[in-house]
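Peer 1: Just so we're on the same page, our numbering is the position in the sequence shown counted from 1, plus 209.
The beta-carbon is built from N, C-alpha and C at its ideal position, and this holds for glycine as well.
Keep in mind that this is a model prediction, so the values were computed, not measured.
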Amino acid sequence: MTDKLAMTQEQQQAWIREQYLKATKYLAEKGLVTESVADTESRYLIPLMAVWKINLLDKTKVWVISGDLPTDHLVLEQNEPARNVLRHFTFKWQIQADSLLKSDVEEQVEYAKLLINKAEDLYQLHAKDELWVEQ
């Protein structure tokens, strides 16, 4: 995996753009139309993950996560910082994984294992205070 320190500023900006495009494409595939991004509330841990607070055309606010993990979204009623949003994704993925592990389909079981692994990684990122000093 590429280390952020080994990436030039230009490569980091390209990575952020790529993650934004991934997030908005994901939303579009779900029938959700992006209006704008709350830049000051979104966070990037290059090259691991980006968590975007996105305002939709219908005025709904969603959080989208992308990067070296499954792209996913959440609608949260409360106004929470990105750090707390990671915890919500870990819970969501653990619940999905529990359900998928009951499947007889090998691909679903493998995806459940991936979700569990990525949920654990996210929780570790959530727990690192030094990553969240600006919040």
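The beta strand (DSSP E) that contains S275, what's its start and end?
Peer 2: Here residue 275 is taken as the residue at index 66 of the sequence shown, counted from 1. Where S275 is concerned, the enclosing beta strand (DSSP E) stretches over K270 to G276.
Peer 1: Rounding to the nearest angstrom, what Cα-Cα distance links P290 and I325 in this structure?
Peer 2: Here residue 290 refers to the residue found at position 81 of the sequence shown. Here residue 325 refers to the residue found at position 116 of the sequence shown. Distance between the alpha carbons of P290 and I325: 23 Å.
Peer 1: For S275, is the classification buried or exposed, using 16 other Cβ atoms within 10 angstroms of its Cβ as the cut-off for buried?
Peer 2: The residue labelled residue 275 in the question sits at position 66 within the sequence shown. Result: buried.
Peer 1: Go ahead and label R252 buried or exposed: buried means 16 or more other beta carbons lie within 10 angstroms of its beta carbon, across all protein chains shown.
Peer 2: Within the sequence shown, the letter at position 43 stands for residue 252. Classification for R252: buried.
Peer 1: Would R292 pass as a contact of W261 if the rule is Cβ separation under 8 Å?
Peer 2: Numbered from 1 along the sequence shown, position 83 holds the residue referred to as residue 292. Numbered from 1 along the sequence shown, position 52 holds the residue referred to as residue 261. In this structure, W261 does not lie closer than 8 Å to R292 by Cβ.
Peer 1: Determine the DSSP secondary structure at A259, reduced to helix, strand or coil.
Peer 2: For the purposes of this step, residue 259 is identified with residue 50 of the sequence shown, where counting begins at 1. Strand, per DSSP.
Peer 1: In the DSSP assignment, the alpha helix (DSSP H) including L334 goes from what residue to what residue?
Peer 2: As a position in the sequence shown, residue 334 is number 125, starting the count at 1. Note, L334: alpha helix (DSSP H), E315 to A336.
Peer 1: First and last residue of the beta strand (DSSP E) that includes V284?
Peer 2: Numbered from its first residue, the sequence shown carries residue 284 at position 75. That run of the beta strand (DSSP E) goes D281 to V284.
Peer 1: Under the rule that 16 or more other beta-carbon atoms within 10 Å means buried, what is Q344, buried or exposed?
Peer 2: Numbered from 1 along the sequence shown, position 135 holds the residue referred to as residue 344. With a pLDDT of 46 at Q344, under the threshold of 50, the modelled position of this residue cannot be trusted, and the question is left open.
Peer 1: With distances taken between CB atoms, is the gap from K327 to P256 smaller than 8 Å?
Peer 2: Against the sequence shown, residue 327 aligns to sequence position 118. Against the sequence shown, residue 256 aligns to sequence position 47. Contact flag unset, no.
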